[in-house]
Amino acid sequence: MQTVFSVAVDALAYGMVLFVISIGLSVTMGLMRVVNLAHGAFAMIGGYIASYAVRDLGLGYAAAVLIAVFGTVLIAIPIERLLYRRIYGSPELTQVLMTIGITFCIIGIANYVFGPTLKTIPLPAELQGSVDLGFRSIATHRIFAIACGLAVALGLWYLIERTGFGVKLRAAVDDAAMAAALGVRTDVVYAVSFAIGIGLAAFGGVVGAELLPVEPYYALRYMVTFLVVVSVGGAGSIPGALLACLVLGGIDTTGRYLWPEFGEFFFYAAVIAIICVFPRGLAGRAR
Amino acid sequence: MALLVKQEHGMANATTRTAVTRDLIGLVAIIVVAGIGYLLFPNNLALLTRIIAIAFLVLSLDLVTGFCGIATLGHAALFGAGAYAAGMASVHFGINEPITMVMVGLIAGAVAGLISGAVVLRAHGLPQLVLSIALIHLFHELANKASSWTGGSDGLSGITPDPLLGMFEFDLWGRTAYVFGVVLLLIVFAVLTRVVRSPFGMLCRGIKEDPIRIRAMGGAVQSTLLRMYIISGAVAGIGGALNAISTQVVGLDSLSFTLSAESLVMLVLGGTGSLYGGLIGTVVFMWFEDLVSAANPFHWLTMVGALLILVVLFAPRGLYGSAAAYFTRRGERR
Amino acid sequence: MKRYIMAAIAALALSSAAYADTIKVGVIGPFSGPFALQGKNFKAGIDAYIAVNGNKVGDHEVEVIYRDVPQPDPAQSKALAQELVIKEGVQYLAGFYFTPDAMAATPLLKQANVPMVIMNAATSAIVTKSPYVVRTSFTTWQTSTPIAQVARDKGIGKVISVVSDYGPGVDAENAFKAAFETAGGSVVEAIRIPLATNDFSPIMQRIKDSGAEAVFAFLPSGPTTLGFVKAYNENGLKEAGVQFLAPGDLTQESDLPALGEAATGILTTFHYAVSHDSPENKAFVEAASKAIGNPAELSFPSVGAYDGMHVIYKMIEATGGEQDAEKAVEAVKGLSWQSPRGPVTIDPESRHLTQNIYLREVAKGDDGKYYNKEIQTFENQGDPGLTAGK
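Protein chains in written order, with this note's numbering: chain A, 380 to 666; chain B, 37 to 370; chain C, 2 to 391.
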């Protein structure tokens, strides 16, 4: 019984870390309909900035997170203006080509500027060590990641479902021309939601760095994981993404505990099974 | 269905002459380009042969993505199945006759196509993409696990093809492999030009444009797509077998997500929905990659990325697609 | 007829290469992509050797040509090797980080009359694929075997083995198991985990449940090792006193700044530590640090490359710059020299290095940096992997 609890805790922690890292992609892909394969690249930029801020500038962790998020958005703005704007509404494959191109460039530049070694983001004393849950202990930063995941989920849900901006965003997503005709500045809405998507990517990159360490190949190494999680959840759905992360995290963790030799089989067989049952993802909307 | 086919027959008759002429020009163009490649780079035939092998994969991907509108990032499964089947036939069963090895690859590719199609066709759009990703990872894991058969991560080595037709050895300089590859490509290309223009090919295009309408007209959407997937698998399988014969080793990379993604990039780079686009994309991408990675083995990835971005900005339909559109426009203006 | 023409062309191509003043060495390795760090170390080792010994052997100038194979890709490796031999006219093939890439190129050697000097790829069987293969690195069997003795000496009887499910991982598992069971210990469980594993908590749970006194691990260096070591700490295995044993790939110096405190106390056996105390190594580290730019990036592939260049220079010396693979390989069989890692000899039978294997512990130095501290030497270790019959 203790083992069951223990594995469940691991599953929850892993699922929530996946959620924090992937949710930004759900925003760009589901709400803006851009297959943004460069999501990992932006998460990686966030990680690099945070690592630089803590290690070389000696800043605190909280300050580093803020700088990473805003710094990444700042870097992304010209990229959005020059490149992404050209592919809104393009066929998916064109978007794939463009965003893979961007990813290749960012990997090359990161390798050149920061070198190929792993970069860590030192945790503050409060997040180091582990917490005793009674039947086992768990790393404090995992609890922090779970909390971050919940906060992001709640915040996004509130933003999209309860604010004026959310109404405009949903309108722009469902019918851009009609929304524009009704006076919604769709370009502003798009720019803001793109910034949110990128900011979340950077945030996830920093918070998740304990599990997915930052190095130049980060951008491609985890791309598949992000894509799978978001699609299984149903792109654009916050509860869907959360559910997908918990389900996939659970299957992955349990599979790896019970039959580590076949961990990969379990994960991908589960993905196929879920999509066969829910062809639009767990919370996908009919279009 | 009958109506549709009849209509297409009418259309086909009217355009048959120009289409046949165009196909002939295409075949001649391949021969000319292959000849130029041979004369210009006689010392680099290994690369050229590899380009041809990958061209089969990209053509095969074009059949499902360009003509049927199926999004897949797992197409290397078909290529790798062909490569491993041909390799294992040689290593474990002593089948070393090159043409037989290609046939083995073809059949294995078609079977892998059937399996892939059966899974991938169960969803659309993004979930479909993810199904294909899951599938390629399963294939990859399977090959890794069955290491007594496949050599696992060390690769399947010891493939020793006999001389082609009993006369031409597969040697260091790679001439035999190159000529063999070019001939295979010509045959496959000729067959494919017929396939895509046949009523069956037209039906696939129709499904891509509007599956609901085709279904309403009585077309069997799923089984048509599945058939195309099998054909596509056969084509990819030939490419895999050619790769196994020419390099005499098969690695897990031939069943990888990376290869799948690269082939998709090459296809989109050239332009989807036209066999020429697939060929041009493969040649341009691999040639460019070889060029920049030899010039700077450490930081060439940035250059490839820049190429992809530039193509999207200035040739959004791919190199061939955009060029074709440009000339059509000019033609219309006159 | 065809064959005669080919032979004539071949003779022409080869003779023109043989009398040229410049001798080209083609190096294939991962210079971009996820293993770019290891490729960078190849280049640093080669550059260091050239910086120390000059780029000339007698009258012959040595030129190194690099080709990139970012990930294991035998077909690509073979195509590039072919290109290097035929188009660039290289007289020596070298490098090869991954086993399949090396295996793919071995069938070319005889026809091309080119020796291959492997600077890393660590599967025992490669040297059997062609008589023209010489290896200046190590094998996983060679570095994984002594750690079993270390475990027994510490009184450890039960060990759980956890390896990544790929060639080197399986090699390490077999090597450790064979040596540990011969020494009277028992491997209570042997787990092979998929290469793409991000979260190791469930594995740690397995280790706990197994009741083993120590864990033997082999994973690819970089993110995978970092994740594993972190999970080992966070799940309380270190506190519980479960000893961490591994071959030295896991604690390569370039990863130590990231691993940091979490890695202290890990015991590894390996052929080379950057901290190795000898005048040869001091000179090497100085030159290689300069070549790589950032000394923190220096790790074991650089020494394999450095010694590889030494062997190639000796081969050029012996053949007088003529292309003669057989003579070149014959000349270095039994060759001994003082490598930065210690005394080494090329075993004439296997054409693989006989060398010292060191037991090391990750420790914090006086300057606050972490390093592999050598605490015991196993002298003149051959490669047990070949006799184990794979």
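Just so you know, even glycine gets a beta-carbon here, dropped at the ideal spot from N, CA and C.
As the structure is a computational prediction, the values presented were derived from the model and not from experiment.
- Message: For the stretch 124-132 of chain B against the stretch 93-111 of chain B, do three or more pairs of beta-carbon atoms, one drawn from each stretch, fall closer than 8 Å, so that the two count as touching?
- Response: no
- So P302/C is in the alpha helix (DSSP H); what residue range does that whole segment cover? P302 to T320
- Message: In this structure, how does DSSP classify W536/A when only helix, strand and coil are distinguished?
- Response: helix
- Are the beta-carbon atoms belonging to T565/A and A581/A less than 7 Å from one another? no
- What separation, rounded to the nearest whole angstrom, lies between the Cα atoms of A82/B and A297/C? 38 Å
- Item | Alpha-carbon spacing of G59/C relative to L85/C, whole angstroms | 24 Å
- Taking Q382/C as part of the beta strand (DSSP E), name the residues at either end of that continuous run. Y371 to Q382
- Item | Cβ contact check for the stretch 455-469 of chain A and the stretch 515-529 of chain A: 3 or more pairs under 8 Å | no
- Task: Under 8 Å by Cβ, that's how I've got Q356/C and V345/C pegged, so tell me the actual separation to the nearest angstrom.
- Result: 5 Å
- Looking at A550/A and A558/A, is the spacing between their C-beta atoms short of 7 Å? yes
- Leaving out the 5 sequence neighbours to the left and right, which residues in its chain are closer than 6 Å to P101/C when beta-carbon positions are compared? P73 and P75
- Message: Under 8 Å, with one C-beta from each stretch per pair, do the stretch 117-128 of chain C and the stretch 57-71 of chain C reach the 3-pair mark?
- Response: no
- 8 Å contact criterion, which R193/C and E640/A should meet: CB distance rounded: 5 Å
- Message: Alpha carbons only, please: which of F219/C, N175/C and Y314/C is nearest the one belonging to Q92/C?
- Response: Y314/C
- Query: Interface residues of chain B around F644/A at Cβ under 8 Å?
  - Reply: L174 and E177
- Cβ pair V243/C, S211/C closer than 7 Å: no
- Straight-line CA distance for Y214/B to I617/A? 52 Å
- Message: In chain order, what are the residue ranges of uninterrupted alpha helix (DSSP H) at least 4 long that sit wholly in the stretch 206-276 of chain B?
- Response: 211-233, 235-245 and 247-252
- Based on the DSSP secondary-structure assignment, which residues constitute the bridge partners of F217/C? S162/C and L246/C
- Please state whether DSSP places Y440/A in a helix, a strand or coil. helix
- Quick one: residues in its chain with C-beta nearer than 8 Å to the C-beta of R153/C, no 5 flanking neighbours on either side, listed in chain order? F181, A184, G185 and G186
- Query: Using DSSP with H/G/I as helix, E/B as strand and the rest coil, what is G71/B?
  - Reply: helix
- Task: Would you identify the three-state DSSP class for I10/C, choosing helix, strand or coil?
- Result: The predicted model places I10/C with a pLDDT of 49, which falls under 50 and marks its position as unreliable, so this point remains unresolved.
- Spatial neighbours of S96/B in its chain, beta-carbon cut-off 6 Å, leaving aside the 5 residues before and after: S268, V271 and A272
- Message: Rounded to the nearest angstrom, what separates F245/C and T265/C at their Cα positions?
- Response: 10 Å
- Task: Find the nearest neighbour of L622/A within the set Q381/A, T382/A, S385/A and S405/A, judged by alpha-carbon distance.
- Result: S405/A
- Query: According to DSSP, is Y233/C helix, strand or coil?
  - Reply: helix
- Query: Counting along the chain, where does the alpha helix (DSSP H) carrying W142/C start and finish?
  - Reply: T141 to S145
- Message: Alpha carbons only, please: which of R635/A, I651/A and D435/A is nearest the one belonging to A197/C?
- Response: R635/A
- Ends of the alpha helix (DSSP H) at G386/C? P385 to T388
- Query: Which partner residues of V363/C appear in the DSSP bridge assignment?
  - Reply: N373/C
- Query: Quick one: is Y362/B buried, meaning 16 or more other Cβ sit within 10 Å of its Cβ, or exposed?
  - Reply: exposed
- Where does R58/B sit, in a helix, a strand or coil, going by DSSP? helix
- Note down, in chain order, every chain A residue with its Cβ under 8 Å from the Cβ of P333/B. Per Cβ cutoff of 8 Å: no residues; P333/B is ~12 Å from chain A at best.
- Grab me the residues of V563/A's own chain with a C-beta within less than 7 Å of its C-beta, minus the 5 sequence neighbours each way, in chain order. K547, A550 and A551
- Query: With 16 other CB atoms within 10 Å as the buried threshold, where does P302/C fall?
  - Reply: buried
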